[in-house]
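Quick note on the numbering used here: the sequence shown kicks off at 6 and runs consecutively.
This report refers to the structure that appears directly beneath it.
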Amino acid sequence: MKFNKTILALFLISEFLFPQGKIFIPMDLSQTDHLKAYGITFHALQKGYKADWLLNYRGGSFLIDFSNEIATECLVEGV
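Below, the structure written as structure tokens:
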């Protein structure tokens with residue numbers, strides 16, 4: 006029984022121990038410049054990063070693998 010509790014505790018804190026490292030770019034009304042958001046995704050793909058297009062979630066948002074380069078580009082472009 007104690008083993009099961011330990012496994013459950015490790016499972017619950019695994020998100021904090023092993024962060025996924027993704028950048029979420031919303032494409033709904035909270036996004037102020039959709040063209041810049043598409044541009045950042047395009048540049049990320051050109052640089053070899055993986056990007057997922059979440060078609061039916063918040064207007065077709067993007068989920069890009071985290072990198073400091075892409076995160077800085079998002080901040081500079083205001084996306």
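No residue lacks a Cβ here, since even glycine has one placed at the ideal position from N, Cα and C.
Does any residue of chain D have a CB that is nearer than 8 angstroms to the CB of D57?
The structure shown contains no chain D; it holds only a single protein chain.
Is the beta carbon of E74 sitting closer than 8 angstroms to the one on I45?
Residue numbering aside, residue 74 sits at position 69 when the sequence shown is read from its first letter. Residue numbering aside, residue 45 sits at position 40 when the sequence shown is read from its first letter. No, the Cβ-Cβ distance between E74 and I45 is not below 8 angstroms.
From the DSSP output, in three-state form, read off K85 for me.
With the chain covering only 6 through 84, there is no way to say anything about residue 85.
Report the rounded CA-to-CA distance for M32 versus N9, giving the unit in angstroms.
As a first step, residue 32 is located in the sequence shown; it is residue number 27 there, counting from the start. As a first step, residue 9 is located in the sequence shown; it is residue number 4 there, counting from the start. Whole-angstrom Cα-Cα distance: 41 angstroms.
Measuring CB to CB, does I69 end up less than 8 angstroms from Y54?
Taking the sequence shown and counting its residues from 1, the one referred to as residue 69 is at position 64. Taking the sequence shown and counting its residues from 1, the one referred to as residue 54 is at position 49. The answer is yes: Cβ separation under 8 angstroms.
Taking 6 angstroms as the limit between beta carbons, can you name the residues of its chain near D57, skipping five residues before and five after?
Here residue 57 refers to the residue found at position 52 when the sequence shown is read from its first residue. Cβ within range, chain order: L68.
Simplified DSSP assignment, three categories, for F71
Here residue 71 refers to the residue found at position 66 when the sequence shown is read from its first residue. DSSP places F71 in coil when its eight states are reduced to three.
Taking the straight line between their C-alpha atoms, what separation do you get for A76 and K7?
To locate residue 76, count along the sequence shown from 1; it is residue 71. To locate residue 7, count along the sequence shown from 1; it is residue 2. Looking at the two C-alpha atoms, the distance is approximately 42 angstroms.
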